[in-house]
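A.B. asks:
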Amino acid sequence: METLPALLGFAIAASVTPGPNTLMIAAIAAQGGWRRALPAMLGVTLGFTLMLVLGALGLAAPLAALPWLQQGLRWLGAAWLLWLAWRIGTAPPPDPGAAPRRLPGFWAAAALQWVNPKAWLVALAALASFARPGAPLQGGLAVVLVFALISMPCLAVWAALGAGAGRRLATPRAWRLANAALGLLMAASILPLLL
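So the sequence shown is numbered by our numbering: it starts at 15 and just counts up by one.
#1: Do the CB positions of LEU87 and PRO131 come within less than 9 Å of each other?
#2: Taking the alpha carbon of GLY23 as the reference point, which residue from LEU191, SER165, ALA201 and PRO186 has its own alpha carbon closest?
#3: Measuring from the CB of SER165, is there a heavy atom of the ligand NAD at a distance below 8 Å?
#4: Three or more C-beta pairs under 8 Å: does that hold for the stretch 162-181 against the stretch 51-68?
#5: Helix, strand or coil for THR185 per DSSP?
#6: So, with DSSP's three-state summary, where would you put THR17?
#7: For a minimum of 4 consecutive residues, which ranges assigned as the alpha helix (DSSP H) are wholly contained in the stretch 59-136?
#8: Check for me: the alpha helix (DSSP H) holding PRO32 runs from which residue to which?
#9: Within 10 angstroms of the Cβ of GLN127, are there 16 or more other Cβ atoms? Answer buried if so, exposed if not.
#10: Can you grab the Cα-Cα spacing for the pair LEU8 / GLN85, in whole Å?
#11: Going by the beta-carbon positions, is the gap between ALA41 and ASN193 smaller than 9 Å?
#12: Just the Cα atoms here: how many angstroms apart are ALA70 and THR185?
#13: Closer than 6 Å by C-beta to TRP172: which residues in its own chain qualify, once you throw out the five before and the five after it? Chain order, please.
#14: Considering only the alpha carbon of each residue, which of LEU191, GLY153, GLY197 and ALA201 lies closest to LEU66?
#15: Using the C-alpha atoms, what's the distance from ALA79 back to ALA123?
#16: Is it true that the CB of PRO32 sits closer than 9 Å to the CB of SER203?
#17: Please check if any C-beta of chain D sits within less than 9 Å of the C-beta of ALA192.
#18: Can you tell which of LEU68, ALA201 and PRO206 has the C-alpha that lies nearest to the C-alpha of ILE102?
#19: Quick one: what does DSSP say ARG49 is sitting in, helix, strand or coil?
Set out below in structure tokens:
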């Protein structure tokens with residue numbers, strides 16, 4: 015496949031740049047460590063991979079043909095992501111003496127893909143750009159495989175950043191500021207997707 019280098023570059027750029035998935039993983043890792051972020055990382059990877067598989071099979075065609083459905087999905091996704099940004103931004107500092115907080119896991123992260131406007135835009139752009147018209151299934155399979163392989167290492171970067179930041183936050187005030195910053199960044203990451 016002659017477009018493989020371009021596909022790899024696109025997949026890395028789309029997977030490692032800040033967005034709802036990466037910020038959620040960083041927040042989980044900051045609160046609970048790298049291991050507690052792993053189920054959510056798997057959820058993001060498998061949820062997005064399933065979205066790509068269904069898109070490669072042509073099941074995203076109704077979405078492209080129905081602008082009102084696209085708009086509804088965009089607003090539903092924005093509402094979900096703003097709720098998640100609020101949860102992250104207002105999360106209390108960890109209490110070492112308390113039971114571990116319930117953090118988003120595999121299923122929540124997998125479900126996030128279906129309402130994440132960035133995920134839809136990336137999936138549709140990747141399939142439209144790299145699945146050849148003459149062999150859409152072959153090109154679609156390449157897109158699915160590349161993103162499936164690229165996703166976890168890119169999310170691991172954010173988990174490591176989050177876990178490292180979590181170890182350095184020494185006071186409840188520092189935690190509240192870090193959580194607020196992550197929540198604001200997630201909310202800000204939604205705005206370009208809605209315009």
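Don't be surprised by glycine CBs; every beta carbon is placed ideally from N, CA and C.
C.D. replies: Let's see:
#1: Cβ atoms of LEU87 and PRO131: closer than 9 Å.
#2: GLY23 has its Cα closest to that of SER165, out of LEU191, SER165, ALA201 and PRO186.
#3: As presented, the structure is devoid of all ligands, the ligand NAD included, so that no description of it is given.
#4: The stretch 162-181 vs the stretch 51-68: in contact.
#5: Three-state DSSP puts THR185 in coil, outside helix and strand.
#6: THR17 falls in the coil class under three-state DSSP.
#7: Runs found: 75-79, 81-103 and 120-129.
#8: No alpha helix (DSSP H) contains PRO32, which DSSP labels as neither H nor E.
#9: Burial call: buried.
#10: Here the chain covers residues 15 to 209 and nothing more, so residue 8 does not appear.
#11: Yes, Cβ-Cβ distance for ALA41 and ASN193 is below 9 Å.
#12: Rounded to whole angstroms, the separation of the alpha carbons of THR185 and ALA70 is 48 Å.
#13: Correct list, in chain order: THR36, ILE39 and ALA40.
#14: Of the candidates LEU191, GLY153, GLY197 and ALA201, the one whose C-alpha sits nearest the C-alpha of LEU66 is GLY153.
#15: A straight line joining the alpha-carbon of ALA123 with that of ALA79 spans about 27 Å.
#16: For the pair SER203 and PRO32, the CB atoms are nearer than the 9 Å cut-off.
#17: Of the protein chains in this structure there is only one, and it is not chain D.
#18: Per the Cα distances, ALA201.
#19: Three-state result, ARG49: helix.
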